[in-house]
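Sequences listed follow chains Y and S, in order.
All residue numbers for the first sequence refer to this note's numbering, where the first residue is 1 and numbers rise by one.
All residue numbers for the second sequence refer to this note's numbering, where the first residue is 1001 and numbers rise by one.
Scroll down for the structure; my scribbles are underneath it.
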Amino acid sequence: MIELKELSKVFDTGKGSLKAVDDVNLSISSGEIFGIIGYSGAGKSTLIRLLNGLEKPTSGSVTISGQNISASKGQDLRKARQKVSMIFQHFNLLWSRTVKENIEFPLEIAGVPKSKRDARVLELVELVGLAGRENAYPSQLSGGQKQRVGIARALANDPEVLLCDEATSALDPQTTDSILELLVDINKRLGLTIVLITHEMHVIRKICHRVAVMEGGRVVELGDVLTVFQAPQQEITKRFVAQVTDTEDSNETIKHLRELYPTGELVKLIFVGDQTEQPILTKLIRKYPVDINIVHGNISHTQRGAYGTLIIQIKGTQPEIAQALAFLNEESIQTEVMA
Amino acid sequence: MIESLFPNVDWDNMWEATLETLYMTAMSTFFTFVIGLVLGIILFLTAPKQLWANSIVNWLTGAFVNIFRSIPFIILIILLIPFTKFMIGTIRGPNAALPALIIGAAPFYARMVLIALKEIDKGVIEAARSMGATTWTIIRKVLLPESKPALISGITVTAIALVGYTAMAGIIGAGGLGTLAFLDGFQRSREDVTLMATILILVIVFAIQFIGDRLTVKSDKR
């Protein structure tokens, strides 16, 4: 569906050149929700703008549904953009137009006659859950409602791909979740391919099927979301995963526990899929004469299944602890003794 | 009562002068609006990183605007006499004032248009591009509507300045309340005529300001 080949973008900053995107190769399939995560300045904004030709690559190519976007211009590119639409962090609605007129805008651009536009707008307003607010101006809407207008506007011309540029970064956590649910819903209902960029691992966890981690313009890690959560390879990926699994507080407790019980072993357990629903700890204490302190626990649901972490302290003699760990490994729980 | 306060005022002349001032203001405001808008849009779109980024056109337009905005109006009228004669065929009467009024005010308004356009959120222009809009569509459906309040308040200020310019245009015999106040009032020491002309000019200015303010507020949905 979307193919990026040896894609690079160099900006001339006047003081020298800046490689915003550096030799990126990606292949995104139809109907997928693909996330790109990175800190600001990692090049993800530039990358997503290369996908609809808002930026031209310095080298390499972008192909969407067989059309070479990076080589298209004029009429061809404008037509292609109607099939690759975009939503934005700051919504970018026209304040001079009502909700209805904002959603109508892309239809006007596509040359859809007025009679058909009205029916289509009504449909879209329903789809994003804004019925009754058609005649409001953006200034009268909340952030979440504005993004819903943005989404309706992006869907107006039946696109094949939806690009989300930090679409939830300006929203509060609750609104973020409702917008993410809407995105999953339209992905399923319309079979839309979604490419999103974000700096929040929460967003990736919640809706993405696959994720690419960007650093310094390069994709440093790529994989299925669950796999990446379970076994992050790069240092930066581990930091992102820690965003949703660890908390500052648990680090404090760990330090404190270590002082209290210098003999016990601190272990992080990682459960995936069905394992999250098994009474593993009960089995463990029944079988071995060890004491367990639960320090921190967390279960995250991703689009590809559940993923849980549990930090425990095992107290007992050295051989007992070793046996307990061996048991956990037998149950194919991933364990990690914390230094 | 009014007759005794303004004994020297010839009301027919006063009315005719008022109409001339209104005519000159309306015509010059209209052309200033159109030309200023075009110049302002060119200045905006040819700036670096914009849709028509072109440093030569940008520099030339900028130079034209700056030069004509800097020449004092009274001098501009005199400098433009040959041009006016060529365009209008005469250098007397309300029509003869128009070229100088428009050339003096359009660059002034162009700057205001540029400021108004710069205020537009870049993200909105990017969003329109991402939907496949042509530059022409962006001008018509994004730039102009999104800057409407600033464009209206800008043309209000310009129109009021133009009322003042029409009075100065009296020195080339343009007519209007300025000429009347100068020739009939000042030179013949009839203070009441000058006062009446002033009152009428104030009424015109206040009316323009009032209408402009109302339209600005009404067009602003932010």
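Beta carbons are placed, not taken as given, at the ideal position from N, Cα and C, and that holds for glycine.
Only a predicted model underlies this, so the values are computations on that prediction, with no experimental measurement involved.
Measure the Cβ-Cβ separation of residue i and residue j and say whether it is below 9 Å.
i         : j         : result
Y/Lys5    : Y/Val62   : yes
Y/Ile33   : Y/Gln230  : no
S/Ile1155 : S/Thr1021 : no
Y/Phe327  : Y/Leu269  : no
Y/Leu192  : Y/Pro159  : yes
Y/Phe91   : Y/Pro138  : yes
Y/Val149  : Y/Ile103  : yes
Y/Thr276  : Y/Gly308  : yes
S/Ile1160 : S/Ile1208 : yes
Y/Val125  : Y/Ala152  : yes
S/Ile1172 : S/Ile1077 : yes
Y/Leu281  : Y/Asn298  : no
S/Ile1125 : S/Ile1115 : no
Y/Leu50   : Y/Val21   : yes
Y/Ile36   : Y/Ile197  : yes
S/Glu1119 : S/Ser1153 : no
S/Val1038 : S/Thr1046 : no
Check whether chain Y comes within 9 Å of residue i, counting only Cβ atoms and requiring the distance to be less than that.
i         : result
S/Glu1119 : no
S/Lys1221 : yes
S/Thr1194 : no
S/Ala1105 : no
S/Ala1100 : no
S/Pro1048 : no
S/Thr1134 : yes
S/Arg1129 : yes
S/Gly1123 : yes
S/Thr1216 : no
S/Glu1146 : yes
Kindly identify the DSSP beta-bridge partner or partners of residue i.
i        : result
Y/His296 : Y/Ile311
Y/Ile37  : Y/Thr198 and Y/Val213
Y/Asp224 : Y/Arg210
Y/Leu163 : Y/Met86 and Y/Val195
Y/Asp158 : Per DSSP, none; premise fails for Y/Asp158.
Y/Ala131 : In DSSP, Y/Ala131 forms no bridge with anything.
Y/Ala306 : Y/His301
Could you pull the start and end residues of the alpha helix (DSSP H) that residue i belongs to?
i         : result
S/Phe1206 : Glu1191 to Ser1219
Y/Asn187  : Pro173 to Leu190
Y/Arg49   : Lys44 to Leu51
S/Phe1044 : Trp1011 to Leu1045
S/Lys1148 : Lys1148 to Met1168
Y/Phe240  : Glu235 to Thr245
Y/Glu108  : Val99 to Ile109
S/Phe1083 : Ile1081 to Ile1088
Y/Asp76   : Gly74 to Arg81
S/Gly1178 : Leu1177 to Leu1180
S/Thr1135 : Thr1135 to Ile1138
S/Asp1184 : Element bounds for S/Asp1184: n/a, residue is neither H nor E.
Y/Ala119  : Lys114 to Leu127
Once DSSP output is grouped into helix, strand and coil, what is the label at residue i?
i         : result
S/Asp1121 : coil
Y/Ala169  : In the sequence as presented, Ala is not what sits at residue 169 of chain Y; that position holds Ser. In this structure, Y/Ser169 counts as coil in the three-state DSSP scheme.
S/Phe1006 : coil
Y/Gln334  : strand
Y/Val10   : strand
Y/Gly60   : strand
Y/His301  : strand
Y/Leu269  : strand
Y/Arg218  : strand
Y/Gln278  : coil
Y/Ile2    : strand
Y/Asn68   : strand
S/Ala1106 : helix
With 9 Å set as the bound, which would you pick, yes or no: does the beta-carbon of residue i sit closer than that to a beta-carbon of chain S?
i        : result
Y/Leu54  : yes
Y/Arg239 : no
Y/Arg97  : yes
Y/Pro113 : no
Y/Ile254 : no
Y/Lys79  : yes
Y/Gln82  : yes
Y/Ile109 : yes
Y/Phe88  : yes
Y/Asn422 : Nothing can be reported for residue 422 of chain Y: it is not among the residues displayed for chain Y, which extend from 1 to 339.
Y/Pro57  : no
Y/Phe105 : yes
Y/Arg286 : no
Starting from residue i, trace the beta strand (DSSP E) in both directions and tell me its first and last residue.
i         : result
S/Ser1070 : Counting along the chain, S/Ser1070 falls outside any beta strand (DSSP E), though it belongs to the alpha helix (DSSP H) covering Ser1055 to Ser1070.
Y/Asn25   : Ser17 to Ile28
Y/Met86   : Val84 to Phe88
Would a check of beta-carbon distances place residue i closer than 9 Å to chain A?
i        : result
Y/Tyr261 : Checking the listed chains, one finds no chain A in this structure; the protein chains it contains are Y and S.
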